[in-house]
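Student: Heads up, the sequence shown is in UniProt numbering, so the first residue is 1 and it goes up one at a time.
Ideal Cβ placement from N, Cα and C applies to all residues, glycine included.
Quick one: this structure, given as structure tokens, is what I'll be asking you about.
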Amino acid sequence: MKRLAKWRLVSLFAILTLVLSACSGQPYLSTLQPAGEVAKKQYDLMVFSTIMMIAVMAVVAVIFIIVLVKFRRKDDKIPNQVEGNHAMEIIWTVIPILLVLVLAVPTVSAVFNFADVDAMEKKNEDGTSDALVVNVRANLYWWEFEYPNEKIVTGQELIVPTDEKVYFNLIASDVKHSFWIPAAGGKMDNNTENVNKFWLEFDSKKADPDKLFQGRCAELCGPSHALMDFKVKALPRAEFDQWVTNMQNIKEPQDATTDLAQQGQEIFNKSCIGCHAVTPSNGTPADARMAPNLTNFGDRNIIAGYLEHNEENLKNWLSDPETYKPGNKMTGTYGELTPEQLDALTAYLMGLKVQGE
1 MKRLAKWRLV
11 SLFAILTLVL
21 SACSGQPYLS
31 TLQPAGEVAK
41 KQYDLMVFST
51 IMMIAVMAVV
61 AVIFIIVLVK
71 FRRKDDKIPN
81 QVEGNHAMEI
91 IWTVIPILLV
101 LVLAVPTVSA
111 VFNFADVDAM
121 EKKNEDGTSD
131 ALVVNVRANL
141 YWWEFEYPNE
151 KIVTGQELIV
161 PTDEKVYFNL
171 IASDVKHSFW
181 IPAAGGKMDN
191 NTENVNKFWL
201 EFDSKKADPD
211 KLFQGRCAEL
221 CGPSHALMDF
231 KVKALPRAEF
241 DQWVTNMQNI
251 KEPQDATTDL
261 AQQGQEIFNK
271 SCIGCHAVTP
281 SNGTPADARM
291 APNLTNFGDR
301 NIIAGYLEHN
311 EENLKNWLSD
321 PETYKPGNKM
331 TGTYGELTPE
341 QLDALTAYLM
351 GLKVQGE
């Protein structure tokens with residue numbers, strides 16, 4: 001009886017876990033609340049395949065019940081033994097084939113549609129394209145977003161316009177990663193040896209109040225894989241164009257605006273500048289970009305990919321990055337900072353904002 005009670009308890013928790021795993025009040029995070037054309041088509045395919053599966057299960061269950069009731073044993077007489085039935089064999093062979101075809105046609109059509117990147121391949125005379133293209137480079141454990149046509153590089157926070165196609169080139173600099181924005185569309189791998197290409201669209205009505213979507217790595221890549229998140233800020237086209245202009249206007253590192261921030265800038269220039277850039281130009285080769293670009297760090301919504309963006313978390317991250325993201329490349333690259341140095345560096349980094357935004 002005790003074992004039976006334990007199994008009942010385990011079963012109850014298993015069912016609750018399954019149910020709660022699909023619960024989310026955040027449309028910008030849930031795959032079940034699509035926020036774009038790609039996500040909507042994928043969601044429709046899931047619903048369609050689920051309906052087909054339930055229909056097949058229902059038919060099989062009905063046939064099973066009919067056979068169970070109609071042909072149940074009534075006496076000890078052994079019935080005639082039938083070996084083979086060509087008609088039935090043809091039926092149960094043809095029906096699964098038809099079901100597979102019904103599923104395959106819309107699925108294959110959608111796959112080819114998602115892979116249609118002709119717009120980003122068409123180049124103008126200056127080598128740019130009319131489509132918005134973002135080169136996504138995945139690293140241990142951070143994300144870089146390069147806008148080749150706009151000559152902008154940023155990190156950890158992807159800025160995109162809403163209600164139009166955004167094309168992506170995906171690559172990794174170290175190990176395999178996977179680019180995934182749950183509400184916008186299914187994941188695709190970032191490989192080291194080849195570039196994957198696809199497109200997404202972001203519905204302006206489905207972002208959270210801060211115009212944010214959640215992104216993350218969906219390929220196990222190391223001890224901090226679960227912490228390799230990023231934010232997607234989806235802006236109306238006019239606001240996106242203004243952001244691009246503001247970023248392009250930053251030709252030189254921004255000057256500190258206070259005495260404390262000035263001290264932090266001096267600390268930054270003596271150590272951090274070796275890996276982190278504070279200008280958005282993409283003139284630096286990708287292999288030389290060793291850490292996230294910090295040009296608009298003060299405008300961002302997260303620190304280290306997942307921490308809330310505030311001074312306390314920034315100081316904690318700067319003082320002990322290994323505790324917050326094990327295995328990251330920042331650990332051990334600089335000496336310990338005193339409380340005064342942490343205050344100064346924090347003031348400088350928090351002041352790195354896109355002017356005019």
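Return the residue from the list P106, Q214, S204 and I171 that minimises the CA-CA distance to N194.
Tutor: Taking the sequence shown and counting its residues from 1, one reaches residue 194 at position 194. Comparing Cα-Cα distances from N194 to each of P106, Q214, S204 and I171, the minimum goes to I171.
Student: Please report the distance separating the alpha-carbon of K197 from that of A115.
Tutor: Here residue 197 refers to the residue found at position 197 of the sequence shown. Here residue 115 refers to the residue found at position 115 of the sequence shown. If I take the Cα positions, the gap works out to 7 Å.
Student: Starting from the C-beta of H276, find all residues in its chain whose C-beta is less than 6 Å away, skip the five residues before and the five after it, and write them out in chain order.
Tutor: Residue mapping note: residue 276 aligns to position 276 of the sequence shown, counting from 1. Answer for H276: A291 and L294, listed in chain order.
Student: By alpha-carbon positions, which one of L220, W317, S281 and D208 ends up nearest to S30?
Tutor: Here residue 30 is taken as the residue at index 30 of the sequence shown, counted from 1. Of the listed residues, the one whose Cα sits closest to S30 is D208.
Student: What are the boundary residues of the beta strand (DSSP E) that P161 is part of?
Tutor: Position 161 of the sequence shown, counting from 1, holds the residue named residue 161. E157 to P161 is the extent of the beta strand (DSSP E) around P161.
Student: CB-CB under 8 Å to K122, same chain, minus the five flanking residues each way: which ones, in chain order?
Tutor: If you number the sequence shown from 1, residue 122 lands on position 122. Counting only Cβ-Cβ distances below 8 Å, and skipping sequence neighbours, we find S129, D130 and A131.
Student: Assuming contact is defined by CB atoms lying nearer than 7 Å, are I267 and L345 in contact in what I supplied?
Tutor: Locating residue 267 in the sequence shown gives position 267, counting from the first residue. Locating residue 345 in the sequence shown gives position 345, counting from the first residue. Closer than 7 Å, so yes.
Student: Just mark E125 as buried or exposed, buried being the case when its beta carbon has 16 or more other beta carbons within 10 Å.
Tutor: By 1-based counting over the sequence shown, the position of residue 125 is 125. Exposed: under 16 other Cβ atoms inside 10 Å.
Student: Under 8 Å by Cβ, that's how I've got N296 and L235 pegged, so tell me the actual separation to the nearest angstrom.
Tutor: In the sequence shown, the residue the question calls residue 296 occupies position 296. In the sequence shown, the residue the question calls residue 235 occupies position 235. With a Cβ gap of about 13 Å, N296 and L235 do not count as contacting.
Student: Thinking V134 and L158 are a contact (beta carbons under 8 Å), I'd like their distance in whole angstroms, please.
Tutor: Start at 1 with the first residue of the sequence shown, and residue 134 comes out as number 134. Start at 1 with the first residue of the sequence shown, and residue 158 comes out as number 158. Contact flag correct, Cβ pair sits at about 7 Å.
Student: Excluding the five sequence neighbours on either side, which residues of its own chain have a C-beta within less than 7 Å of the C-beta of T107, listed in chain order?
Tutor: Working through the sequence shown from its first residue, we reach residue 107 at position 107. Contacts found: L45.
Student: How is the beta strand (DSSP E) around A172 delimited, first residue to last?
Tutor: Here residue 172 refers to the residue found at position 172 when the sequence shown is read from its first residue. K165 to A172 is the span of the beta strand (DSSP E), which, as asked, contains A172.
Student: What residues in its chain sit with their C-beta under 8 Å from that of E150, if we drop five residues either side in the sequence?
Tutor: In the sequence shown, residue 150 corresponds to position 150, counting from 1. Answer for E150: V244, M247 and Q248, listed in chain order.
Student: Three or more beta-carbon pairs under 8 Å between the segment 219-230 and the segment 39-59, yes or no?
Tutor: Result no; under three Cβ-Cβ pairs closer than 8 Å.
Student: Please report the straight-line C-alpha distance between Y141 and I91, rounded to a whole angstrom.
Tutor: As a first step, residue 141 is located in the sequence shown; it is residue number 141 there, counting from the start. As a first step, residue 91 is located in the sequence shown; it is residue number 91 there, counting from the start. Roughly 53 Å between the two C-alpha positions.
Student: Buried or exposed, going by whether 16 or more other CB atoms sit within 10 Å of the CB of L349?
Tutor: Against the sequence shown, residue 349 aligns to sequence position 349. Classification of L349: buried, given that the 10 Å Cβ count is 16 or more.
Student: Let me check one thing: in DSSP terms, what residues is V232 bridge-paired to?
Tutor: Taking the sequence shown and counting its residues from 1, the one referred to as residue 232 is at position 232. Note: V232 sits in a beta bridge opposite L158 and F213.
Student: Please look up how many angstroms separate the CB atoms of P326 and S224, rounded, as I've assumed it's under 8 Å.
Tutor: Looking up residue 326 in the sequence shown gives position 326. Looking up residue 224 in the sequence shown gives position 224. Contact holds; Cβ gap of about 5 Å.
Student: Is it right to say residue 409 is buried, meaning 16 or more other beta carbons lie within 10 angstroms of its own, or is it exposed?
Tutor: Nothing can be reported for residue 409, as the shown portion of the chain is limited to 1 through 357.
Student: Are G155 and I181 touching if we call contact CB-CB under 7 Å?
Tutor: Against the sequence shown, residue 155 aligns to sequence position 155. Against the sequence shown, residue 181 aligns to sequence position 181. No; because the gap between Cβ atoms is not below 7 Å, this pair is not in contact.
Student: Thinking just about the alpha-carbon of each residue, which of L99, D163 and N316 is nearest to the one in T338?
Tutor: Here residue 338 is taken as the residue at index 338 of the sequence shown, counted from 1. Taking only the C-alpha atoms, the option nearest T338 is N316.
Student: Apart from the five residues on each side of it in sequence, which residues of its chain come closer than 7 Å, Cβ to Cβ, to A238?
Tutor: Stepping through the sequence shown from its first residue, residue 238 is reached at position 238. Same-chain partners within the cutoff: there are none.
Student: Count the other C-beta atoms from every protein chain shown that fall within 10 angstroms of the C-beta of S178, then say buried if there are 16 or more, exposed otherwise.
Tutor: Position 178 of the sequence shown, counting from 1, holds the residue named residue 178. By the neighbour-count rule (16 or more Cβ atoms within 10 Å), S178 is buried.
Student: Roughly how many whole angstroms lie between the Cα atoms of V82 and M57?
Tutor: Counted from its first residue, the sequence shown places residue 82 at position 82. Counted from its first residue, the sequence shown places residue 57 at position 57. One C-alpha to the other measures close to 26 Å.
Student: May I ask you to report which of helix, strand or coil DSSP gives H177?
Tutor: Translated into the one-based positions of the sequence shown, residue 177 becomes position 177. Correct three-state label for H177: strand.
Student: Go to M188, then tell me how far its alpha helix (DSSP H) extends in each direction, as first and last residue.
Tutor: Taking the sequence shown and counting its residues from 1, the one referred to as residue 188 is at position 188. Taken as a continuous stretch (DSSP letters only), M188 belongs to no alpha helix (DSSP H), being part of the beta strand (DSSP E) at G185 to N190.
Student: List the residues that DSSP assigns as beta-bridge partners of Y147.
Tutor: Taking the first residue of the sequence shown as position 1, residue 147 is located at position 147. I152, per the DSSP bridge assignment.
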